[in-house]
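Read top to bottom, the protein sequences are chains A and B.
The first sequence lines up with residues 550 to 774 when you count with my numbering.
The second sequence lines up with residues 550 to 774 when you count with my numbering.
Ideal placement from N, C-alpha and C gives every residue a C-beta, glycine not left out.
Just so we're clear, the structure is a prediction, and the values are computed from it rather than from any experiment.
There are 2 protein chains.
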Amino acid sequence: MTYIPNIRPMDIEKKSFEIITEELEKRGKQLEPGTEMIVKRCIHTSADFDYADNLYFSKGAVNRALSAIREGASIVTDTEMAKAGISRRTLAGFGGKVYCFMSDPEVARKAKEEGVTRAIISMRKASALPGKLIFAIGNAPTALLELTDLYRAGKIRPELIIGVPVGFVNVVQSKEALQASGADCIIARGRKGGSNIAACICNALLYMADSTRGAGHSSQPSMNR
Amino acid sequence: MTYIPNIRPMDIEKKSFEIITEELEKRGKQLEPGTEMIVKRCIHTSADFDYADNLYFSKGAVNRALSAIREGASIVTDTEMAKAGISRRTLAGFGGKVYCFMSDPEVARKAKEEGVTRAIISMRKASALPGKLIFAIGNAPTALLELTDLYRAGKIRPELIIGVPVGFVNVVQSKEALQASGADCIIARGRKGGSNIAACICNALLYMADSTRGAGHSSQPSMNR
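Structure follows, in structure tokens:
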């Protein structure tokens, strides 16, 4: 219940990360080296310490993603909401863009024609994009299942798949299928996740990739709050 | 761990709400009549059953908000992400719009000039909008504190303030100040909330206001998932 009158917005985030770090220590929680900033940012975005336990990182996934971002990788999301939450300015600084095809009328038409979800058609469309790609899935288990199928069939080789759809039906299974596929991935195991978590993992990676922020500085200073 | 192969997307949401209802019953959780669809949608959007306990509704808030929506009220958010998540089509059907002034260059300039957050200047700007207004705050405690000050000073009389900023510094206090002010409000007490929860409460109200959906139908059928 920390209350600090007249705190500068850029200091709110710093203080928040200090509180999160202290609480993780109190809980005796050891985070995997290299993943701390991602886990803490997920807790920061949700105030939910379950993310200290449920996040899974495939071996080498974070480093590969950081290299890809620095080399201009683009990010594909499955919701306009996740797209809106990703720091486009930081990504653009590296040469990348954020794509979401969910509102594309052509996608809607094809989905209806084939009797599948728009999320599936969106992923097929995105898989044809040129250059390095990171997929960030916060909503649709069908998007994640489609990406896993495309990966297994050798049709896509993304730099990273962020598999954090939220929900009660087919969600857990879509994450398990992704984990079993061998693709480089970050997953929120279980039911939890969401567009906010998908965007937040992308932003954590973007801020880590941006060495101008300085080592140990966890977060984006902003006048947002 | 419900897995249903080949389920139609519109049925995923229906099944999800059934699972949520069952789990609430198992937990012996009684929801306040008239708030069920809002609470369940927050759980649906986060897979976090804490929302069964932490949501506070001021007396009559839901009915006043539903009337306001039907009369063309607009919604003001404190993030582009929340704005992106709100069903603009449903709102437009009633005559309302969604506003977010956080990316407005004039807002950024004034915030810098006055040494306050962009969120504060955004709220001042929004309070001058004509017509009925609902505020949905999922990120910035300073936005919520400013709205509470404006309300106490008699300068705004919004139809509803959704106070669900998430975080560790000044967040709990901003919600307590709102609750004490007497303004019509829906609050996620404690640290939890977020842009996703702000958007989700707006959507729950929009779907409830839309009687064409039929009584008892909790959710938006969609091809999203």
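A Cβ-Cβ contact shorter than 7 Å links V656 (chain A) with S671 (chain A). At least one C-beta of chain A is nearer than 7 Å to the C-beta of Q722 (chain B).
In this chain, the alpha helix (DSSP H) harbouring F566 (chain B) covers P558 to K575. Residues of the segment 691-703 of chain A whose Cβ lies closer than 7 Å to any Cβ of chain B, in chain order: T691. By the neighbour-count criterion, in which 16 or more other beta carbons inside 10 Å mark a residue as buried, P679 (chain B) falls on the exposed side. By the neighbour-count criterion, in which 16 or more other beta carbons inside 10 Å mark a residue as buried, I553 (chain B) falls on the exposed side. Sequence-distant partners of H593 (chain B) (beyond 5 residues in either direction) whose C-beta falls short of 7 Å from its own C-beta, in its chain, are S565, F566 and I569. For V715 (chain A), there is no enclosing beta strand (DSSP E), as DSSP marks it with neither H nor E. For the pair A601 (chain A) and D627 (chain A), the CB atoms are not nearer than the 7 Å cut-off. Pairwise C-beta distances place the segment 749-759 of chain A in contact with the segment 606-626 of chain A, as three or more of them are shorter than 8 Å. Around the C-beta of P714 (chain B), 16 or more other C-beta atoms lie within 10 Å, and the residue is accordingly described as buried. When secondary structure is reduced to three states using DSSP, Y605 (chain B) falls in the strand class. A737 (chain B) carries a strand assignment under DSSP once its states are collapsed to helix, strand and coil. In the DSSP secondary-structure assignment, A732 (chain A) is not bridged to any residue.
Three or more beta-carbon pairs separated by less than 8 Å are not found between the segment 715-722 of chain A and the segment 574-582 of chain A, which leaves the two stretches without contact.
Taking CB atoms only, M630 (chain B) has a neighbour in chain A less than 7 Å away. Using a CB distance cut-off of 7 Å, N555 (chain A) does not count as an interface residue toward chain B. Out of A:S595, A:K661 and A:E585, the CA that lies nearest to the CA of N745 (chain A) is found in A:S595. At a cut-off of 7 Å between C-beta atoms, R637 (chain B) does not count as an interface residue with respect to chain A.
In the DSSP assignment, I683 (chain B) falls outside any alpha helix (DSSP H) and lies within the beta strand (DSSP E) extending over L682 to I686. Following the DSSP letters along the chain, one finds V611 (chain B) in no beta strand (DSSP E) but inside the alpha helix (DSSP H) bounded by residues A610 to R619.
With a cut-off of 8 Å on Cβ pairs, the segment 646-664 of chain A is not in contact with the segment 696-711 of chain A, counting fewer than three such pairs. Within the segment 555-581 of chain A, those residues whose Cβ lies closer than 8 Å to any Cβ of chain B are, in chain order, I556, P558, I561, K564, S565, I568 and I569. By the 16-neighbour rule on beta-carbons within 10 angstroms, P654 (chain B) is exposed.
By the rule that beta-carbons nearer than 7 Å mark a contact, K741 (chain B) touches chain A. Rounded to whole angstroms, the separation of the alpha carbons of L604 (chain B) and A729 (chain B) is 15 Å. When the Cα atoms are used, N752 (chain A) and M651 (chain A) turn out to be separated by approximately 21 Å. The straight-line gap separating the alpha-carbon atoms of A622 (chain B) and L682 (chain B) is approximately 5 Å. Burial state of R557 (chain A) is exposed, judged by a 10 Å Cβ sphere holding fewer than 16 other Cβ atoms. Note on N555 (chain B): under 16 other CB atoms within 10 angstroms of its CB, so exposed under the neighbour-count rule.
Inside the segment 630-654 of chain B, DSSP marks whole alpha helix (DSSP H) runs of 4 or more residues at positions 637-643, from first to last along the chain. Listed by position along chain B, the residues whose Cβ is nearer than 8 Å to that of T594 (chain A) are V715 and G743.
The beta-carbon of V647 (chain B) is placed no less than 7 Å from the nearest beta-carbon of chain A. Sequence-distant partners of G712 (chain B) (beyond 5 residues in either direction) whose C-beta falls short of 6 Å from its own C-beta, in its chain, are I686, L693, K724, L727, C734 and I736. Rounded to the nearest whole angstrom, the CA to CA distance from L573 (chain B) to T584 (chain A) is 34 Å. Residue environment for K608 (chain A): exposed (fewer than 16 other C-beta atoms within 10 angstroms of its C-beta).
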